[in-house]
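**Q** Heads up, the sequence shown is in our numbering, so the first residue is 185 and it goes up one at a time. A virtual CB, placed ideally from N, CA and C, is assigned to each residue, including glycine. Predicted model only: the values in this text are computed from it and were never measured.
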Amino acid sequence: ILHPQTAFVETLEWKADYEKKYRKFADKPQPRLIKTKLQAEIYPRKRAVEFRGAYGLVNMTRSNIDTIHISTAPGVENHSISFDRSAKPVLVDEELDYRMYILDKPLSPGDSLKVEFHVTYNPQGFPNSGVNISVVKNGSYFANFWLPSIGYQDGREILNPDDRKMQGLGGDSRIIEEIGSEGGERIDLEVIVGTDKGQIAVGPGKLLKSWQANGRSYFHYATESPVKNKFGLFSADYHVVEAWWKADSGKTVDIKIFHHPEHTLNLDRIAKGVQASLTHLTREYGPYPHSEIRFLEVPGYPKGLFAYPMNILYREGFALLNPDKDSTKVDIPFATVAHEVSHQWWGSQVSPAPVKGAALLTESLAWYSALEIVEEAKGRKEFLGLIGGLQDDYFSPKSRADEPLLSATEHHLIYRKGPLALFAMRAYIGGDQMRKALLSLFKKNATGNAPLPLPSDLYKELQAVTPDSMKYLLHDLFAANTFWELKTERAVARQTESGLWKVTLEVQAKKFTVDTNGIDTDVEMNDLIQIGMYGGNEKDGEGQELYLNLHRIRPGKQTIEIELQGKPSFGGIDPKNLLMDLKRWDNTVEIEY
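(1) Please check the pair V424 and F442, which I expect to be a contact at CB under 8 Å, by giving their CB distance rounded to whole angstroms.
(2) Can you name the residues that DSSP bridges to G352?
(3) Which same chain residues end up closer than 8 Å to S270 when comparing Cβ atoms and leaving out the 5 residues on each side of it in sequence?
(4) In or out: I598 buried (at least 16 other Cβ within 10 Å) or exposed?
(5) For the beta strand (DSSP E) containing M284, name the first residue and the last one.
(6) Measuring alpha carbon to alpha carbon, tell me which residue in E225, G756, I715 is nearest N398.
(7) With DSSP collapsed to three states, give me the class of W529.
(8) Tell me which residues share the same chain as S548 and place their Cβ nearer than 7 Å to its Cβ, disregarding the 5 neighbours each side in the sequence.
(9) Determine which residues share a DSSP beta bridge with S266 and list them.
(10) Under a three-way DSSP split, which group does Q459 fall into?
(11) Compute the distance between the beta-carbons of D652 and Q714, then report whether it is under 7 Å.
(12) For F782 and V458, I'd like the C-alpha separation in whole angstroms.
(13) Determine, using beta-carbon pairs with one atom in the stretch 334-344 and one in the stretch 197-217, whether at least three such pairs fall under 8 Å.
(14) Can you give me the Cβ contacts of V274 inside the same chain, cut-off strictly under 8 Å, excluding the 5 residues immediately before and after it?
(15) Helix or strand or just coil, what does DSSP make of I169?
(16) Give me the residue from G683, P483, T546, R467 with the minimum Cα distance to K321.
(17) Would you report the Cα separation of I516 and G569, rounded to the nearest angstrom?
(18) Considering Cα atoms alone, identify which of Q749, V707, P493 is closest to L684.
(19) Beta strand (DSSP E) containing A585: first to last residue?
(20) Per DSSP, what are the beta-bridge partners of G755 in this structure?
(21) For the alpha helix (DSSP H) containing I613, name the first residue and the last one.
(22) Between which two residues does the beta strand (DSSP E) containing P639 stretch?
(23) Would you be able to state if there are at least three C-beta pairs under 8 Å between the stretch 752-767 and the stretch 700-718?
(24) Taking T672 as the reference, which of E729, K767, E747 has the closest Cα?
(25) Tell me whether N316 is buried or exposed, calling it buried when 16 or more other Cβ atoms sit within 10 Å of its Cβ.
(26) Could you tell me which whole alpha helix (DSSP H) segments of length 4 or greater appear in the stretch 493-556?
(27) Comparing alpha-carbon positions, which option in L489, T700, R619, N733 lies nearest T520?
(28) When you compare the CB positions of S318 and N248, do they come within less than 7 Å of one another, or not?
(29) Taking the C-alpha atoms as reference points, what is the distance between Y731 and E669?
(30) Taking E587 as the reference, give the member of A554, A663, N450 with the closest Cα.
(31) Whose CA, out of I557, S511, T512, lies closest to the CA of E468?
(32) Determine contact between the stretch 676-693 and the stretch 644-659, defined as no fewer than three beta-carbon pairs at a distance below 8 Å.
(33) Would you identify the three-state DSSP class for L489, choosing helix, strand or coil?
(34) Go through its chain and collect everything with a Cβ distance to K430's Cβ below 7 Å, but skip five positions before and after it.
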């Protein structure tokens, strides 16, 4: 049987057995990977890949290391693993892919070790379901998950509490947040990739050389500076579109888009999105660390993208998006490109510790940067359309029984509520203060050195720039799962003898929290909330802003009186929908006369 029938529960059993047997070694000191040299031979028509590589390891602990633990990858054949010093295998578990080697001479602190390996991925036949399409005739893509890993791998643990309980596992997984759980390990990387003649192979780093030999095409890449130990390899019959971007410093970054020849709809949007993003992010946080940035199309009709250092993949579904036919008139491809380029700072440079809420420092901050890029490059109207889309998605009917953002793991919190909360804080404390907080967070953590940043580090930076009068709001948005019910019931205006317009608003307000069990609890409220008045047509967007100021709002019904120079047509409480209000449509009303 080449592919025995398996079920999801058996995959869980494998993970559970791995954890039960080998979690006890999770904290054993291991040398750190600092360099990888790899030769990858891709055979697209055979759906096979052969890897020969070498790891450079250094003992960066204060202890001697006498045993090397290696987790090999499921689904590959391990032909050999060897060391540059005498070592004896004391455990080779082929079923759970775990090995232990005792060194004849322990590795002293500061000493280095070289590990060489030879593995192949060469599936035979077809499984009953879940065909792996990583290596295909045209459009191969895979990450480095088929290579051996040093030490016990937390990422193989079961995350879901119910599944853990079903498998007899107590407590939480050591990795309790999947998004952003790649850690801060940085390596120098050199890769030679061979593929079928006529295809272009792409790896991490700068292309040093390409050539043909034995009827095959070869490409030699090397990183210009250490990068995270997570990278992809690509091979396809690509067409390549090239552009460039020049920094104020004079540095030029080459932009290359590797795409299916027939998929040309969004190439210009990708290039312009990259250029606008590099301009904004370089100004805000510092230089882009590479001389080239690439977007690479891979097979599949989902619209997802994923950012490795330098190389950003996108699937066919994204390539076929047509924003000209989108009723929202928002350039989603441009915004999504901005989000992925932002990961070259938030994710590739600032890499959080693998804890709950970690993705607040990657996905939420990357979307915050993307929104600023859209605002700067595409204008206020498109920015508001994108914000509205995030709000529509977040406030769509779903349970509100969520964790606070500081410990959030759910997609709608990290990708939607997170950037909305960050923009609410920007509106309240000002763009300069937000810029100061995020730049401080970036500078302290961009090296990737331990200790890796936590969600609380972002919170502390925001606390440092938030006035005492508004720190309650920071707590409400990030440290609690808080909602508001704000409503303008009526707004009446009359012109005074002096020519001013006096507006009387009747508003209702309530604030409450929701715990993870879905229990609502009313909380005290003495909040600073915007009151806004506008001329023009509300359906056209914001209208002409006549008045926008903060007022103290308490629970229940209250009356607010303001005077304006111009005649208003609509207005109300929290008109920009900055707060987490489940009924956003009743914040503003037309003015009565």
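**A** According to the structure shown:
(1) Here the question's residue 424 lines up with position 240 in the sequence shown. Here the question's residue 442 lines up with position 258 in the sequence shown. Sure, about 6 Å apart at Cβ, within 8 Å.
(2) Translated into positions along the sequence shown, residue 352 becomes position 168. As far as DSSP is concerned, G352 takes part in no beta bridge.
(3) Walking along the sequence shown from the start, residue 270 turns up at place 86. Here the set comprises L287, D288, K289.
(4) Translated into the one-based positions of the sequence shown, residue 598 becomes position 414. Residue environment analysis places I598 among the buried positions, since at least 16 neighbouring C-beta atoms fall within 10 angstroms of its C-beta.
(5) Counted from its first residue, the sequence shown places residue 284 at position 100. For M284, the enclosing beta strand (DSSP E) has its first and last residue at 282-291.
(6) Here residue 398 refers to the residue found at position 214 of the sequence shown. Just measuring C-alpha positions, the residue of E225, G756, I715 sitting nearest N398 is E225.
(7) The residue labelled residue 529 in the question sits at position 345 within the sequence shown. Residue state, collapsed to three classes: coil.
(8) The residue given as residue 548 occupies position 364 in the sequence shown. The residues I598, G602, P603, L606, in chain order, have a CB closer than 7 Å to that of S548 in the same chain once the five nearest residues on each side in sequence are set aside.
(9) To locate residue 266, count along the sequence shown from 1; it is residue 82. DSSP output for S266 lists E300 as bridge partner(s).
(10) Within the sequence shown, the letter at position 275 stands for residue 459. Correct three-state label for Q459: helix.
(11) Along the sequence shown, read from residue 1 onward, the residue named residue 652 stands at position 468. Along the sequence shown, read from residue 1 onward, the residue named residue 714 stands at position 530. Between D652 and Q714, the CB-CB gap reaches or exceeds 7 Å.
(12) In the structure as shown, the chain begins at 185 and stops at 777. Residue 782 is therefore absent and cannot be evaluated.
(13) Three or more pairs of CB atoms, one per stretch, sit closer than 8 Å, so the stretch 334-344 contacts the stretch 197-217.
(14) For the purposes of this step, residue 274 is identified with residue 90 of the sequence shown, where counting begins at 1. Closer than 8 Å at the Cβ level, and outside the excluded window around V274, lie T251, M284, Y285, I286.
(15) Outside the shown range of the chain (185 to 777) lies residue 169, about which nothing can therefore be said.
(16) Numbered from 1 along the sequence shown, position 137 holds the residue referred to as residue 321. With distances taken between Cα atoms, K321 lies closest to P483.
(17) Looking up residue 516 in the sequence shown gives position 332. Looking up residue 569 in the sequence shown gives position 385. CA-to-CA, the gap between I516 and G569 works out to about 10 Å.
(18) Locating residue 684 in the sequence shown gives position 500, where the first residue counts as 1. The shortest Cα separation from L684 among Q749, V707, P493 belongs to Q749.
(19) Taking the first residue of the sequence shown as 1, we reach residue 585 at position 401. Run containing A585: none; DSSP gives neither H nor E here.
(20) If you number the sequence shown from 1, residue 755 lands on position 571. Paired residues: M717, V773.
(21) By 1-based counting over the sequence shown, the position of residue 613 is 429. Going by DSSP, I613 is part of the alpha helix (DSSP H) stretching over 602-613.
(22) Counting from 1 along the sequence shown, the entry for residue 639 is found at position 455. Where P639 is concerned, there is no enclosing beta strand (DSSP E), although the alpha helix (DSSP H) around it starts and stops at 639-649.
(23) Contact between the stretch 700-718 and the stretch 752-767 is present, with at least three C-beta pairs closer than 8 Å.
(24) Taking the first residue of the sequence shown as position 1, residue 672 is located at position 488. Per the Cα distances, K767.
(25) Sequence index remark: in the sequence shown, residue 316 carries index 132 (1-based). The residue in question, N316, is exposed, as its Cβ has fewer than 16 Cβ neighbours within 10 Å.
(26) For the stretch 493-556, the full-length alpha helix (DSSP H) segments reaching 4 residues or more read 500-503, 516-526 along the chain.
(27) Taking the first residue of the sequence shown as position 1, residue 520 is located at position 336. Selection L489, T700, R619, N733 evaluated against T520 yields L489 as nearest (Cα-Cα).
(28) One-based indexing of the sequence shown puts residue 318 at position 134. One-based indexing of the sequence shown puts residue 248 at position 64. No, Cβ-Cβ distance for S318 and N248 is not below 7 Å.
(29) Counting from 1 along the sequence shown, the entry for residue 731 is found at position 547. Counting from 1 along the sequence shown, the entry for residue 669 is found at position 485. Roughly 22 Å separates the two Cα atoms.
(30) Here residue 587 is taken as the residue at index 403 of the sequence shown, counted from 1. For E587, the closest of A554, A663, N450 by C-alpha to C-alpha distance is A663.
(31) If you number the sequence shown from 1, residue 468 lands on position 284. Ranking I557, S511, T512 by Cα distance to E468 puts I557 first.
(32) The stretch 676-693 is not in contact with the stretch 644-659.
(33) For the purposes of this step, residue 489 is identified with residue 305 of the sequence shown, where counting begins at 1. In the structure shown, L489 sits in a strand (DSSP, three-state: E or B).
(34) Position 246 of the sequence shown, counted from the first residue, corresponds to residue 430. Exclusion of the five residues before and after K430 leaves T436 as the residues of its chain whose Cβ lies within less than 7 Å of its Cβ.
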